[in-house]
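S.K.: Numbering (my numbering), first residue to last: 1418 to 1962.
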């Protein structure tokens, strides 16, 4: 009997000890998991903001090369000898002396040794869009004794090399002053273009789409000389990027385009201030130091983005999955708006993206089905989707949406970002394809006419018919007749309907403002805008003539 009792007590002791051990281990695991959860949540939601720099005082920045900040430029490791002369060609064959100069320079910032990538670019998008009026060029630093003959032979063959023989070919120089030295080279050699684009070698450019949607609407042809001239001044086309670490807003360096007066301005500012910082931060730094402003046309996330192959359908194409995030910084191809596709260092990804384009621009995407490959998302993407869905992560937020609200101010009818970029129409907020110069204050001497909104082509306004062609807008009903109609209908006027279209906005804005000034002398008038058959509601406030 005693042996049975002792055995029972031993079992109970073992069970008690085991239970305590399990409880302690469970508690430890739970505590560790809870602490990790709190840490991850704090990391994702905590937003620290360093003090903002004073107006027109550039913050102190350093270039980042291979993830590490660097101080100044290194001494050249070889003698910077002048590059042997070899002429550039202005067209594919270099034989047409009567050909008018191209209005657009598409310059790829390259290294002397990257011959294979230059050949890839020549044979893909530069060839595919050869009917677009641009000069394709490759910009390299002094190639040094090892590569000088290679680059010279390459230029004799293709005539598309710009050699900055006054600076060395190294990573620090390439990521700091190279683009500014390129601008100075253009000014010194009087190589004038209406628009100058700078881009990286791992960027696929839809030159047809960029020309049709961003450049052509801002150009006009002189009826006497036949020369194509820009209709805008001090303009930058790119993607605004906010660096919280450096407290600075600047155009993202993968690609941006500037007007010729901006090329001269930046070259002059660099001669004065000799800034050495990150290549894309240099523009904003110089503008702040020079107390300058520029008009900025902002790419949407669906127009310029880093290609993410994990976001593709996994059917061998570069088209995005059904539930992609088209405004995110990284995604696969979606819709018909892609202009600049970045992060294509892998040649297989380059050709995968290239297969989605032809001479007319981006192709129509095949329909997406609920197929096996479509639903086989990587676990990392499922994780990102979950946290974004919960609102904890900003993984899929657009670069534009990451710019803090305190950086935006309203000056003379324009939105100003960080005191240097005047964004007349903010693409992401207004869902427009193009930036438009709404100089309403100058046209009608109005103050704060528009709260963030759109005025586009006037199709019908209380019986006022407008006939539209590609080159003109004709108001069938005269302004005097409009005034009579307005006086009769004014007591019952509660809603004005404007049917709009994107392409002809710069032409019709004066007409819209003139008619609105006659018909709408109220302090607050509700408007209904039909933008490509989609209703957009805004309010026209404080209309003063």
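From the three backbone atoms N, C-alpha and C, an ideal C-beta is built for every residue, glycine too.
In angstroms, rounded to a whole number, what distance separates the CA positions of residue 1626 and residue 1756?
M.R.: Going by the C-alpha atoms only, they are around 6 Å apart.
S.K.: Using DSSP with H/G/I as helix, E/B as strand and the rest coil, what is residue 1898?
M.R.: Note on residue 1898: pLDDT 40, under 50, position unreliable in the model; no value is reported.
S.K.: Restricting to Cα atoms, I'd like to know which of 1581, 1584, 1613 is closest to residue 1552.
M.R.: It is 1613.
S.K.: Assign residue 1688 to buried or exposed, taking buried as 16 or more other Cβ atoms, counted over all protein chains shown, within 10 Å of its Cβ.
M.R.: Exposed: under 16 other Cβ atoms inside 10 Å.
S.K.: Any idea which residues DSSP pairs residue 1486 with across the strands?
M.R.: BP columns for residue 1486 point to 1481.
S.K.: When we look at the beta-carbon of residue 1517 and count the other beta-carbons within 10 Å, is it buried (16 or more) or exposed?
M.R.: Residue 1517 should be labelled exposed.
S.K.: Please classify residue 1707: does DSSP put it in a helix, a strand, or coil?
M.R.: Note: residue 1707 maps to coil in three-state DSSP.
S.K.: Can you tell me which of the three DSSP states residue 1938 falls into?
M.R.: Summary for residue 1938: the model assigns pLDDT 45, below 50, so the residue's position carries little reliability; its value from the coordinates is reported in the next sentence. Coil at residue 1938, not helix or strand.
S.K.: Compute the distance between the beta-carbons of residue 1712 and residue 1652, then report whether it is under 8 Å.
M.R.: Yes; because the gap between Cβ atoms is below 8 Å, this pair is in contact.
S.K.: Would the region 1598-1613 count as touching the region 1666-1673 if we require 3 or more Cβ pairs under 8 Å?
M.R.: Output reads no: the region 1666-1673 does not touch the region 1598-1613.
S.K.: When you compare each of 1681, 1767, 1539, 1682 to residue 1572 by their alpha carbons, which one comes out closest?
M.R.: The shortest Cα separation from residue 1572 among 1681, 1767, 1539, 1682 belongs to 1539.
S.K.: When the Cα of residue 1761 is compared with those of 1670, 1825, 1723, which residue comes out closest?
M.R.: Nearest C-alpha to residue 1761: 1723.
S.K.: Throw me the rounded Cβ distance for the residue 1590 and residue 1490 pair, which I believe falls under 8 Å.
M.R.: About 6 Å; that satisfies the 8 Å criterion.
S.K.: Would you give the residue range spanned by the alpha helix (DSSP H) that residue 1561 belongs to?
M.R.: Per DSSP, residue 1561 belongs to the alpha helix (DSSP H) from 1561-1575.
S.K.: Inspect the beta-carbon positions of residue 1602 and residue 1581 and report whether they are closer than 8 Å.
M.R.: Yes, the Cβ-Cβ distance between residue 1602 and residue 1581 is below 8 Å.
S.K.: If the criterion is Cβ atoms closer than 8 Å, does the pair residue 1725 and residue 1748 meet it?
M.R.: Yes, the Cβ-Cβ distance between residue 1725 and residue 1748 is below 8 Å.
S.K.: In chain order, what residues of the same chain have a beta carbon less than 8 Å from the beta carbon of residue 1815, not counting five sequence neighbours either side?
M.R.: Only 1717, 1718, 1744, 1745, 1746, 1845 meet the Cβ criterion.
S.K.: Between which two residues does the alpha helix (DSSP H) carrying residue 1688 extend?
M.R.: Its alpha helix (DSSP H) spans residues 1677-1690.
S.K.: Distance, Cα to Cα, residue 1456 vs residue 1450?
M.R.: Roughly 10 Å between the two C-alpha positions.
S.K.: Do residue 1750 and residue 1735 have their beta-carbon atoms positioned less than 8 Å apart in this structure?
M.R.: Contact flag set, yes.
S.K.: With a threshold of 8 Å on Cβ separation, who are the neighbours of residue 1633 within its own chain once the five nearest residues in sequence on each side are excluded?
M.R.: Excluding residues within five positions, none has a Cβ falling inside 8 Å.
S.K.: With DSSP collapsed to three states, give me the class of residue 1628.
M.R.: Residue state, collapsed to three classes: helix.
S.K.: Skipping 5 residues on each side, what residues in its chain have a beta carbon closer than 8 Å to that of residue 1727?
M.R.: Closer than 8 Å at the Cβ level, and outside the excluded window around residue 1727, lie 1794, 1795, 1797, 1798.
S.K.: What are the boundary residues of the alpha helix (DSSP H) that includes residue 1538?
M.R.: Taken as a continuous stretch (DSSP letters only), the alpha helix (DSSP H) holding residue 1538 covers 1532-1540.
S.K.: Does DSSP classify residue 1773 as helix, strand or coil?
M.R.: Residue 1773 falls in the coil class under three-state DSSP.
S.K.: Compute the beta-carbon to beta-carbon distance between residue 1759 and residue 1619, rounded to the nearest angstrom, for a pair I have assumed lies under 8 Å.
M.R.: Confirmed, Cβ separation roughly 7 Å.
S.K.: Leaving out five residues on either side along the sequence, give the residues of the same chain with a beta carbon under 6 Å from the beta carbon of residue 1479.
M.R.: 1486.
S.K.: Inspect the beta-carbon positions of residue 1585 and residue 1547 and report whether they are closer than 8 Å.
M.R.: Cβ distance not < 8 Å, so residue 1585 and residue 1547 don't count as in contact.
S.K.: Between the alpha carbons of residue 1672 and residue 1562, how many angstroms are there, rounded?
M.R.: Distance between the alpha carbons of residue 1672 and residue 1562 is about 30 Å.
S.K.: Is it the case that the Cβ atoms of residue 1782 and residue 1624 are separated by a distance below 8 Å?
M.R.: No, these two residues do not count as a Cβ contact at 8 Å.
S.K.: DSSP state of residue 1456, grouped into three classes?
M.R.: Helix.
S.K.: What is the DSSP secondary structure of residue 1620, reduced to helix, strand or coil?
M.R.: It is coil, neither helix nor strand.
S.K.: Just grab the DSSP bridge partners of residue 1595 for me.
M.R.: Paired residue(s): none; residue 1595 is not in a bridge.
S.K.: How many angstroms separate the CA atom of residue 1752 from the CA atom of residue 1566?
M.R.: Taking the straight line joining both Cα atoms gives about 44 Å.
S.K.: Throw me the rounded Cβ distance for the residue 1528 and residue 1696 pair, which I believe falls under 8 Å.
M.R.: Actually they do not touch by this definition, with Cβ atoms about 14 Å apart.
S.K.: Thinking residue 1595 and residue 1550 are a contact (beta carbons under 8 Å), I'd like their distance in whole angstroms, please.
M.R.: Between residue 1550 and residue 1595 the Cβ distance is about 26 Å, and since that is not below 8 Å, they are no contact.
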